[in-house]
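Just add 906 to wherever you are in the sequence shown, counting from 1, and you've got my numbering. Glycine residues also receive a C-beta, built at the ideal position from the N, C-alpha and C atoms. This report refers to the structure that appears directly beneath it.
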Amino acid sequence: MTERIVSFVMSGGVGSRLWPLSREDNPKQFHDLSGDGSMLAKTLRRLTARPEGETPIFLIAAERHADRVHADLAGLDLAGGGPLFEPTGRNTAAAVALATLRTLSEFGDSLVLVVPSDHEISTPRQFWQSVEAGTEAARSGRLVVFGIKPTQPETGYGYIEVAAESGGTFDVSRFVEKPDIETAQSYLKAGNFYWNTGIFLFRAVAMRDAFIAFQPDIWLATEAAYRAATSDLSGLYMPLELYAAIPSNSIDYAIMERAKDIAMVPAGFRWNDLGSWQSLLDVGPADDRGNVIIGDVVAIDCENSYIRSDGRLLSAIGMKDIAIVSTSDATFVAPVSHSQHVKKIVEQLEKSGRLETRFTPAHDRVIESGAWRRRVHHWLFQETLPLWSTSGVDERHGGFHEALGLDASPLMKPKRMRTMARQVYAFAVARARGWDGPADRLINHGIAFMAGKGRTDKGGWVRTLNVDGSVADATEDAYDHSCVLLALAHAHMSGNPDALRLGEETFAFLDAHLEDSRMTGFLETSDGKGERRSNPHMHLLEAFLAWHQATGERAHLRRAARIIDLFRSHFFDPESWTLGEYFDAEWKPSAGEKGSWTEPGHHFEWASLLVDFAGRSGQAELSGFARKLYASATANGLNRATGLAYGAVSRQGLPLDLISRSWPQAEAVKAAIALDGSGGPDLKPEIEARVGRLFRWHIDPAPLGLWIDRIDERGRSLASDVPASIFYHLVCALTQYLDSTADPKA
């Protein structure tokens, strides 16, 4: 009876050597590069084609690609297998350990076959003949690899050096990384070097023992994540906090280069890892002059060239041995012989904060720009503004209610000064965008309550008032003063008669009592106590820019510039592209977890403000910082299950607060709008996607005019009320969306 082989497909790579086609959100295994479907689908079909013997097929893939994976799995009989989703990539050693654990738990000490998802093998019968040729060595406890006899000195592949041969199986002497051309030529001449296919066959217990001997930390961490995994009909899901703790290493470095008595089977199948444009030229359908032409291309007098357009017309004349690949937002041109070096382009783009390596502009990803306009306009002007301008206003005691219940009834909570100010600001913004509601009355109502009840003896503003307007907490807080200044700037632009005077008094207080005497930013409170935070400075920057807009006075821009200096020198980390939250008195990151705490929502807010300041000051390089903040927040700060921003992540990308609140999603919309007009890539598709997520998770499930503020990591509501402090985030983001998508001819 033919022995069972449990097969695992690894589908976690990005395939950056095939940029600009392959990107982080759409890596090469999901592309149809040589016909007959995606690389992943072809790999799965090849595994199902085993002539005889039980072959359960599993897939190890990124959780963020779950929809694409399920599409490729449709109609395939996996013989009891299924997808295992990684919440974050931890390299191939973790994937092989996971495959081993799954096999041991379901099938005992069976043979395990691990294959990449993105290699071209056009001869499935010969593939299985080669695998079967390695089963005897694997059954005896040896780890088995498969090698391809080189046909040319290839610098893009790893190599296997072999020694003695017995019964068609060779002993492996060593594994060699990708060589330079001279070394590759020497390997070809030596005759005992093979290309490494990255395909492995082994007994589950043999691989477990190898991990325990050489990488016990990887094994134990993977085992902990696997034991805590949850499953449903769509697949097995590892918990992020446990899976992220697995050391990241390749199976070659972790195990294969350390283990003894490894066997190699010479592969009898045609193989290409499709890792370069040269390799696609080799396998693609060529014309009579050796060109592979794909898409809307006109090529005249070209030879041996790979020319591809995934969008507009591409024309070329006289090209020889050249790769030209054009998408709707990027074009790559290089000699085919140099196409392995595309990674250098990708690295340069990522260093400069460009987003073209991460996102794919495609018609099936994105609706047309402005697709959400009607829904956004209706929700703002017919649902939420009417509700909050009535139920959200405390007509008895003054000011605004701190929160509403999910039945839209006011909740009797203490009134924070920042919330009162933000409501004034939101109604002023709505007025400026054409809202025909009672904005002037609401602005006057809010400022009268704030100024009448919330001033301190020194001319500042209190932190919190009781429902009836009496003082609950008289602390003079920099965060609250930033919100008050922002509200007063917009109230002044709306024509409020008291806003300018109150603003001048607040600036005088700020300078006298909240500015650090060492001229290094502002204190948290007027008593100078407490750790330092970047967040109040961000909101002060926002307020200073608003006052510059309101008055045109460059003094406000100079105030903003001092915050920008702090951002450059202390807040922003150029290595991780992250922004710190907590600092000591010398602006050094706080000790412990707080020192590595970053918030994706604040990354988005800072990105918008940096673009704004760059436009006013002429410091164009700040837009690069903004792109880096946006890129790091979207790369490391999003929940893959929902697409929403987490509350907080570490500088290394480990989630620290798994809750997704509504305001970071609104700020992500604002950041994408700001960056879309800053000279970078077209982010209109990204804007639509972010507005869609905001409505999908936070607005549409809520009662009319309200929103779900808190969502857990699985997309379930945790909301018990609707905080008024979020209202301004939503109003400002969505009015900016309406402005950015307005028809200029209308």
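Around the beta carbon of His1284, fewer than 16 other beta carbons lie within 10 angstroms, which makes this residue exposed. Here the alpha carbon of Lys1500 sits roughly 8 Å from the alpha carbon of Glu1487.
Glu1012 sits in a helix when the DSSP states are folded into three classes. The residues Arg910, in chain order, have a CB closer than 6 Å to that of Glu960 in the same chain once the five nearest residues on each side in sequence are set aside. Check the Cα spacing between Arg1424 and each of Trp1493, Asp1374 and Phe1413: the tightest is with Trp1493. Residue burial annotation: His1396 is buried, with at least 16 other C-beta atoms found within 10 angstroms of its C-beta. In the assembly as shown, Glu1088 is an exposed residue. Its beta-carbon has fewer than 16 other beta-carbons within 10 Å. Judged by DSSP in its simplified three-state form, Leu1610 adopts coil rather than helix or strand. Between the alpha carbons of Cys1389 and Gly1543 lies a distance of about 26 Å.
Residue state for Ser1626 is assigned as coil, using DSSP reduced to three classes. Take the alpha-carbon of Val1239 and the one of Ile1199: they are about 14 Å apart.
For Val1020, the enclosing beta strand (DSSP E) starts and ends at Leu1017 to Pro1022.
7 Å or more divides the Cβ of His1387 from the Cβ of Ala1456. In the DSSP annotation of this structure, the continuous segment of the beta strand (DSSP E) that includes Ala1169 starts and ends at Ala1169 to Pro1172.
By the Cβ-count criterion, Gly1014 is exposed, with fewer than 16 other Cβ atoms from all chains shown falling within 10 Å of its own Cβ. Rounded to whole angstroms, Ala947 and Asp978 show a C-alpha spacing of 5 Å. Pro1442: member of the alpha helix (DSSP H) spanning Asn1441 to Thr1457, first to last residue. Counting C-beta pairs with one atom in each stretch, the region 1558 to 1576 and the region 1501 to 1512 have three or more that are closer than 8 Å, which means they touch.
The region 1521 to 1531 and the region 1461 to 1480 touch, with three or more beta-carbon pairs separated by less than 8 Å. Residue Ala1327 holds the alpha-carbon nearest to the alpha-carbon of Leu1371 among Phe1106, Asp1138 and Ala1327. Exposure of Gly986 is indicated by the presence of fewer than 16 other C-beta atoms within 10 angstroms of its C-beta. Here the alpha carbons of Ala1151 and Ala1135 stand approximately 14 Å from one another. Between the region 1034 to 1054 and the region 1168 to 1182, the count of Cβ pairs shorter than 8 Å is three or higher; the stretches touch. In this structure, the straight-line span from the alpha carbon of Glu1060 to that of Asp1188 is close to 13 Å. When the five nearest sequence neighbours on each side are left out, the beta carbons in the same chain lying within less than 6 Å of the beta carbon of Asn1178 are those of Glu1026, Ser1185 and Val1189, in order along the chain. If only complete runs of 3 or more residues are kept, the region 970 to 1008 shows the beta strand (DSSP E) at 989 to 992, in order along the chain. A direct Cα-to-Cα measurement between Trp1341 and Asp1649 gives close to 19 Å. With respect to the C-alpha of Ile1206, the residue from Ala1222, Asn1197 and Asp1193 having the closest C-alpha is Ala1222. Looking only at His971, Asp1618 and Asp1582, the smallest Cα-Cα distance to Asp1518 is reached by Asp1582. If the five residues before and after Phe1450 are omitted, its C-beta is found closer than 6 Å to the C-beta atoms of His1462, Arg1465 and Ala1466, all from its own chain and listed in chain order. For Gly1174, the CB contacts under 7 Å within the same chain, skipping 5 residues up- and downstream, are Gln1032, Gln1035 and Ser1036 in chain order. In this structure Asp1615 is buried. Its beta-carbon is surrounded by 16 or more other beta-carbon atoms within 10 angstroms.
A contact between stretches requires three or more CB pairs, one per stretch, nearer than 8 Å, and the region 1597 to 1608 fails this requirement with the region 1534 to 1542. Pairing Phe1117 with Ala1277 gives a Cβ-Cβ distance that is not under 7 Å. In this structure, the CA atom of Trp1503 is about 6 Å from the CA atom of Val1555. Among the bridge pairs identified by DSSP, Gly1053 is matched with Asn1102 and Pro1172.
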